[in-house]
Amino acid sequence: MRKICLIYTGGTIGMRQNPNGKLAPVDFEELRKSIPALSLLPIELVVKTMDRPLDSSEMHPSVWANLASEIYALHDQFDGFVVLHGTDTMAFTASALSFMLRGLKKPVIITGSQLPVGVLRTDAVENLLSALEFAAMEAEGAAVIQEVGIYFEYKLYRGNRAYKRSSNEFNAFNSPNFPALAESGVRMTVHKELLWRSPYSKLELHKGFSNEVGVVTLYPGLDFSALQVQPNWRILLLRTFGAGNAPNSPDFIEFLSRCSDNGTVIVNTSQCVSGAVVHGLYDSSSALERFNVLSAKDMTFESALVKSMLLLSESADLAEFGLKFSSSLAGELTE
């Protein structure tokens, strides 16, 4: 019998209305009582609960570090892990865990729901039961899934490739630049050719995050002269148009120059959720090339941001940062 650790962090899946009529996290035991089918799964289930379950909007890098540390410490005691999490920041957490836990040989599957467990028509039951089944899957004594995934509405995605696409549909997540790893229906289908296998021979824990990362989103009419380059911006994610395009206007070039003078490395990440940043495809990206801007390629914004925060904490060498950022750590980009 496979032994699975279920870690409850909070989120809509475990919420109830408080006296003010607002949804607020509750203890996991209340959640368990609402899903009697948990006892029917052919697994040994051990539940760990955060001291204070969180709404996912309260998620923080310190929580990621604690979560990764717990999984690392328990890694050899369990065959797989399922993390219950709020949907709003689920993709950030999935990306973070994929980069912190390098060398995973077991599944870490994150799931949640759009409606709380006690609500009629809730999606919580299917999401949780299927996530547990995928976490318990094995072949020849080894876990089938050996990476961080997001399971939602009949699909298992690579965690660092997914993003939240809807706040009101059960089909809340998507992964436009990489196919789903698996689907659940009458049968549970796993696309084994898509599964990530880490090149690391043993599990490593990397849990530092730098707050010296900024984000600027371009929009028509943005006054670049009014943008203040923050002294602590060592990395700046620039959310550009289309395939990585930006204006060639003098005020934008002057902004890039100020970033360069500040020692800030700029990462070009598109506002589009599908496709990739391609420098040089259009003349409108020529200014970015002049300042040696890094391409986020086909990474999600969530993945690019979290990866920047983690890599910057590992080394102050920005040249080393550029090399590692442009390479795949956990299947987050197409090489």
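If you count the sequence shown from 1, you need to add 777 to reach our numbering.
Each residue gets a CB set at the ideal place from its N, CA and C atoms; glycine is no exception.
Nearest neighbour of residue i, chosen from the options [CA to CA]
i	options	result
residue 1002	985, 1030, 981	1030
residue 852	1006, 924, 898, 813	924
residue 1072	1057, 784, 1086	1057
residue 1115	987, 1037, 1085, 1065	Only positions 778 to 1112 of the chain appear in this structure, which leaves residue 1115 out of reach.
residue 891	1111, 950, 779	950
residue 841	786, 854, 906	786
residue 1054	1000, 1089, 1112	1112
residue 985	1084, 966, 959	1084
residue 1007	798, 896, 1035	1035
residue 1095	1107, 1104, 1051, 1012	1012
residue 844	1106, 1082, 1028, 983	983
residue 889	782, 859, 1033	859
residue 1070	904, 1044, 991, 1088	1044
residue 978	1079, 861, 879	879
residue 1100	997, 1079, 1042	1042
residue 1062	963, 942, 862, 1023	1023
residue 822	975, 863, 910, 1000	910
residue 976	908, 968, 1108	1108
residue 966	1028, 908, 1026	908
residue 1082	872, 867, 795	872
residue 863	800, 969, 854	800
residue 804	854, 861, 816, 797	861
residue 1026	998, 1104, 1048	998
Test item: CB-CB of residue i and residue j under 8 Å
i	j	result
residue 833	residue 788	yes
residue 847	residue 825	yes
residue 1046	residue 995	no
residue 915	residue 779	yes
residue 1110	residue 1060	no
residue 912	residue 886	yes
residue 959	residue 902	no
residue 784	residue 820	no
residue 812	residue 896	no
residue 1033	residue 876	no
residue 1016	residue 993	yes
residue 898	residue 1077	no
residue 1088	residue 1102	yes
residue 962	residue 934	no
residue 947	residue 900	yes
residue 929	residue 904	yes
residue 1086	residue 987	yes
Residue i at chain C interface by Cβ criterion, 8 Å
i	result
residue 806	The structure shown has no chain C; it contains just one protein chain.
Contact belief for residue i with residue j at Cβ below 8 Å, rounded distance in angstroms
i	j	result
residue 927	residue 936	5 Å
residue 856	residue 920	6 Å
residue 1167	residue 906	The chain is shown only over 778 to 1112; residue 1167 falls outside these bounds and no answer can be derived.
residue 1098	residue 1090	Residue 1098 to residue 1090, Cβ: 10 Å. No contact.
residue 956	residue 971	6 Å
residue 838	residue 802	The Cβ separation is near 20 Å, so there is no contact.
residue 869	residue 836	7 Å
residue 991	residue 1010	4 Å
residue 940	residue 1079	6 Å
residue 1052	residue 1020	6 Å
residue 980	residue 849	7 Å
Check: residue i C-beta below 7 Å from any heavy atom of the ligand NAD
i	result
residue 904	Judged by which ligands are present, the structure shown has none, so any question about the ligand NAD falls away.
Runs of beta strand (DSSP E) lying entirely within the segment 897-935, each at least 3 residues, in chain order: 925-929, 932-935
Ordered list of alpha helix (DSSP H) runs contained in the segment 1038-1096, each at least 4 residues: 1063-1067, 1078-1091
Alpha helix (DSSP H) runs wholly inside the segment 975-1020, at least 4 long, in chain order: none
Every unbroken beta strand (DSSP E) inside the segment 825-867 [3 residues or more]: 857-861
Beta strand (DSSP E) runs contained entirely in the segment 790-830, provided each spans 3 or more residues: 792-794, 800-802
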